[in-house]
Amino acid sequence: MAKAQQRVILKLSGEALGENGRLFDHAAFEASAGMLMRVSQTGAQLVVVIGGGNVWRGRRGPATRMGAVAADQMGMLATLQNCLYMRDTLEKLGARAVVMSAVDIPRFAQTYEPVRARELLSQGVILLLACGTGNPYFSTDSAVVLRALELECDAIYMAKNIDGVYTADPQTDPRAELIRDISYEECAARDLRAVDPAAFVMLRDNRFPRVRVFALEPAENVLKVLAGDPMGTVLHP
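Given below as structure tokens:
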């Protein structure tokens, strides 16, 4: 299983937490919370960033009639709702979890501060990070990479609704093939959109050691990749 005191950051897709026509699918939250608790029990220090796609779809849908800043702020609040739901679910399972927000909402969450975040991680607390970077025009992917760098994480795990990085969009191109291993430079040269472009620049320029993109479902996939399962795609310098 994960080596003792490995510090990892995990991105969970918000869309996967609102299945079956619901904004919040309690069964999906329970399954993910159980998985997060088991990861924490391996000794890993766990940071979690949850997207808000089950609540708010970025600048799509109703947001097309809104300004970009307001739409992005709505997205930040969507991530906070997911983090609050996840914290409550984790606590009911007996886990210790804290929500930290990139924007000041003191009655709902602690304000994100790297030193305090590292203290909580060292105490075995599952850290749930909300509201992205706190700024519009930045995606959840950018928030994941920024926090991974600030908190000196060993690896980034991106659990998405797709099982890795492909040579083309597998939904539109039947010839698309899954890529198992690729460097940042090759990814850029082939114009593969593994992560948001701004996030990708941070990964490449800071030579972040390892990013794995894999399918969120089933929830046990996270435990498997931490144990060394090569599923999905690994990106590296």
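All the letters of the sequence shown, read from the start, carry residue numbers -12 to 224 under our numbering.
Glycine is no exception: its CB is placed at the ideal position from the N, C-alpha and C atoms.
Under 8 Å between the Cβ atoms of residue i and residue j?
i: T159; j: G38; result: no
i: V85; j: L115; result: yes
i: K147; j: S0; result: yes
i: E204; j: A3; result: yes
i: L80; j: G21; result: yes
i: C118; j: A89; result: yes
i: R134; j: I113; result: no
i: V221; j: R199; result: yes
i: K(-2); j: M145; result: yes
i: F16; j: M73; result: yes
i: V209; j: V42; result: no
i: V102; j: A186; result: no
i: L138; j: R105; result: yes
In terms of residue numbering, what span does the alpha helix (DSSP H) encompassing residue i cover?
i: V26; result: 13 to 28
i: V212; result: 208 to 213
Does residue i come out as helix, strand or coil in the three-state DSSP assignment?
i: E2; result: helix
i: K(-10); result: Its pLDDT being 45, under 50, K(-10) is placed unreliably by the model, and nothing is read from it.
i: R132; result: At residue 132 the sequence reads Val, which differs from the Arg that was named. Three-state DSSP puts V132 in a helix.
i: V221; result: strand
i: V42; result: coil
i: L(-3); result: strand
i: L10; result: coil
i: N122; result: coil
i: M53; result: coil
i: D59; result: helix
i: T66; result: helix
Just to confirm the assignment, what range does the beta strand (DSSP E) spanning residue i have?
i: V36; result: 32 to 37
Considering Cα atoms alone, identify which of the options is closest to residue i.
i: D59; options: V182, P224, P123; result: P123
i: V(-5); options: P224, A214, M218; result: A214
i: V34; options: C140, F16, N69, F95; result: C140
i: M61; options: I113, G121, T98, A18; result: G121
i: S129; options: Y171, Q110, L190, A176; result: L190
i: T76; options: Q(-7), F11, S170; result: F11
i: D192; options: R52, L136, Q28; result: L136
i: Q32; options: D178, C70, Q110, R162; result: Q110
i: I169; options: H13, Q97, P196, E78; result: P196
| message | What ranges does the alpha helix (DSSP H) occupy inside the region 135 to 204, keeping only unbroken runs of at least 4 residues that lie completely in it? | response | 171 to 176, 184 to 192
| field | Those runs of the beta strand (DSSP E) which lie wholly inside the region 71 to 119 and span at least 3 residues | value | 84 to 88, 113 to 117
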